[in-house]
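*Asks:*
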Amino acid sequence: MSDFVELRSLLIVILRRWWLLVALSLAAVVVGYGLSKQQDPVYAAKASLMVGHSIHAANLNRADIQTSQQLAMTYADIARRQPVLQGAIDALGLDISWQQLRSRVRVGLVGETQLLEITVEAGSPEEARLIADEVAKQLILLSPAGIKSQEREAVRNFVLQRLENLQSKIEIGQQRIDTLETRLLGELTVSETRDLENQIITLDRLISEWEGNYAQLLQTVENQEAVNNLTVVEPAQATSSPVRPRVGLNMMIAGLLGLCLALGLVVVLELLDNTIKTTDELSRTLGLAPLGAIHQIKGKDLQDLLLVNHDSFSPASEDYRLLRSKLQFMPTERSCRVIMVTSPMVGDGKSITVANLGFVMAQAGLKTIIVDANLRQPVQQHIFQLPNEGGLTHLLTYVLRGPEQDFRTYLSNTLIPNLKVLVSGALPMNPSELLGSRRMGQLLDGLSELADVILIDTPQAVTVADAAVLANRVDGVLLVVAAGQTRRDVARQAVVNLQDTQANMLGAVLNKISTKNRLALFARFERTAADPLVEPAQHPAYAKPHIG
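Read in order, the letters of the sequence shown are residues 16 to 563 in my numbering.
#1: Between which two residues does the alpha helix (DSSP H) carrying T246 extend?
#2: Please classify N445: is it buried, with 16 or more other beta-carbons within 10 angstroms of its beta-carbon, or exposed?
#3: Given this structure, state the Cα-to-Cα distance separating Q508 from L321, to the nearest angstrom.
#4: Between the alpha carbons of L145 and A251, how many angstroms are there, rounded?
#5: Determine the direct distance from the alpha carbon of N324 to that of P551, and round the result to whole angstroms.
#6: For L98, name the three-state secondary structure that DSSP assigns.
#7: At which residues does the beta strand (DSSP E) containing Y58 begin and terminate?
#8: Assuming M266 is part of the alpha helix (DSSP H), what are its boundary residues?
#9: Mind listing, in chain order, the continuous alpha helix (DSSP H) runs of no fewer than 4 residues lying wholly within the stretch 487–521?
#10: Going by DSSP, name the residue or residues bridged to N180.
#11: Quick check on DSSP: helix, strand or coil for Q388?
#12: Does the stretch 271–285 touch the stretch 303–311, meaning 3 or more C-beta pairs lie closer than 8 angstroms?
#13: Given this structure, state the Cα-to-Cα distance separating T293 from L525, to the nearest angstrom.
#14: Can you tell me which of N213, L50, P98, Q129 puts its alpha carbon nearest to the alpha carbon of T82?
#15: Applying the 10 Å Cβ sphere with the 16-neighbour rule, what's the burial state of Q475?
#16: Check for me: the alpha helix (DSSP H) holding E9 runs from which residue to which?
#17: Span of the beta strand (DSSP E) holding Q121?
#18: Measure the alpha-carbon distance for V356 versus M520 and round it to whole angstroms.
#19: Would you say A143 and A62 are within 8 angstroms of each other, going by their C-beta atoms?
#20: Please report the distance separating the alpha-carbon of D295 from that of C351.
#21: Taking three-plus beta-carbon pairs below 8 angstroms as touching, is the stretch 94–108 in contact with the stretch 22–41?
#22: Take every Cβ of the stretch 376–396, pair it with every Cβ of the stretch 494–508, and state whether three or more of those distances are shorter than 8 angstroms.
#23: Suppose you measure from the CA of R220 to the CA of T208; what does that come to, to the nearest Å?
#24: For E541, I'd like the list of residues in its chain whose CB is within less than 6 angstroms of its CB, leaving aside the five on either flank, ordered along the chain.
#25: Is it a yes or a no for the stretch 132–142 touching the stretch 183–193, going by three-plus beta-carbon pairs under 8 angstroms?
#26: Residues in the same chain with beta-carbon distance under 7 angstroms from L372, minus the five sequence neighbours each way, listed in chain order, please.
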């Protein structure tokens, strides 16, 4: 199971940075193509030689064949040494050193045979062919066959002539014996018969001698075809297309190198990236239950981020409905009617999360009140386009001190049924003290009598103490973390700050999930009458608050 989790995490990392893999791989392919095109074309030519003449011999000798193979390995080494290469340079008038030519010449055996293959590379097919043929020629000249070729040819011609003479004598002698044997069948005297028999005996002896001489001379001819002998089997033939550069292969190798580099870079970036990006990381890092993953909502201003301005079946809408269901049916010892929503840092999207969660709560028929307790940078009045008058600060500072404590008149209505907002009001000098005061507890108790759900928007939980002083006054705390934005250490510090106040941590929400990085999307469901949609066209602007 752990291996599967690790593999899934690796795939998520790769898919998240797929563009980097593609970009670097394509860049490497382009570089490989450019470098290949800048290289001069190289052509090759091959010449084949044979050591010994075993294919011409009537009776093969295994020892001779093995000797020829061993000699072939020796000639393969000699072919790339100075005498042979310098001879080829001098014969062709090349303006290079023998060491330079050596780097362009390869000699090898063809399998387990007596064949040598000389391969030469050059800038043109003709040059490669001439050099290969000349190297083969110089190697033959340095072999015994090259050094004694004239002497060997003279001996061979003499022996062949003697063989022809002996063959003729043997044939004539055999014909003479046949004639004498025929005469013996006739009527002859005793002396004539003895004389013919003596002639036949003499001819038989001569023929035996001639046949012996013939065998010896034939062996001489076969010995002339020595094991230590080189002959050209196939003259050099050049390739019509260059053997280098191999553009396709170079591009493929460059692409693979680019991909490996990209994978390494992805791993390095992932190690350096200290942000939370997935719900698995969220759970492992904070030790909190991931209650939801919210798709990123695009918009030019805060009002565009409200679900009321989007399709009721958009991915973000489904995400908030799922979060609402988890909060409604969460198994807890006490009812979670008063929920504080905070985040580790500014910009994690907690205020929009509060607004949209309030919207889906109200859609479900729950009387919902949003309290903007962010007394440092309040935004709920901008989201719902409400005047920031009176509000929470005024209630805590003036109203709840006196005998008249009716704060219902400070709640602002919206066009969304069942949803009211308590704006922040004027910014106080002591926000933490106000939120931690006894009057704040009285306010929450009073609001609980008016609503089914109260959602409290608070400042970030790390840099200021406002969220911490309010955390133990509510039924539960919901932490909002921005995917790919919130750092792990900052998120952990936020959880520590809240848990130090004995806060009831309900869980965490991963916000601003990019659709491109999701491996799967939530299914869309048909709209039902129980889940109505308030269309934007029905309200050009949100209603102004009214008293009562």
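Here a beta-carbon is modelled for each residue, glycine too, at the ideal position from N, C-alpha and C.
*Replies:* Short version:
#1: Careful: T246 lies outside any alpha helix (DSSP H), inside the beta strand (DSSP E) at 245–253.
#2: exposed
#3: 29 angstroms
#4: 8 angstroms
#5: Per-residue confidence for P551 stands at a pLDDT of 34, beneath the threshold of 50, marking its modelled position as unreliable; no derived number is given.
#6: The residue you asked about is not Leu; residue 98 is Pro in the sequence shown. DSSP places P98 in helix when its eight states are reduced to three.
#7: 58–66
#8: 262–287
#9: 503–514
#10: Per DSSP, none; premise fails for N180.
#11: Per the sequence shown, the amino acid found at residue 388 is Ala instead of Gln. Residue state, collapsed to three classes: coil.
#12: They do not touch, by the three-pair rule.
#13: 7 angstroms
#14: Just measuring C-alpha positions, the residue of N213, L50, P98, Q129 sitting nearest T82 is Q129.
#15: buried
#16: Lying outside 16 to 563, the shown extent of the chain, residue 9 is not represented and no answer is given.
#17: As written in the sequence, residue 121 is Arg, which differs from the Gln given in the question. Where R121 is concerned, the enclosing beta strand (DSSP E) stretches over 120–124.
#18: Answer to the nearest angstrom: the Cα atoms are 10 angstroms apart.
#19: no
#20: Approximately 25 angstroms between the Cα atoms of the pair.
#21: no
#22: Taking 8 angstroms as the limit for Cβ pairs, the verdict is that the stretch 494–508 does not touch the stretch 376–396.
#23: 19 angstroms
#24: Unreliable positioning characterises E541 in this predicted model, as indicated by a pLDDT of 36, which lies under 50. A coordinate reading is not provided.
#25: No, the stretch 132–142 does not touch the stretch 183–193.
#26: Y335, L338, R339, L470
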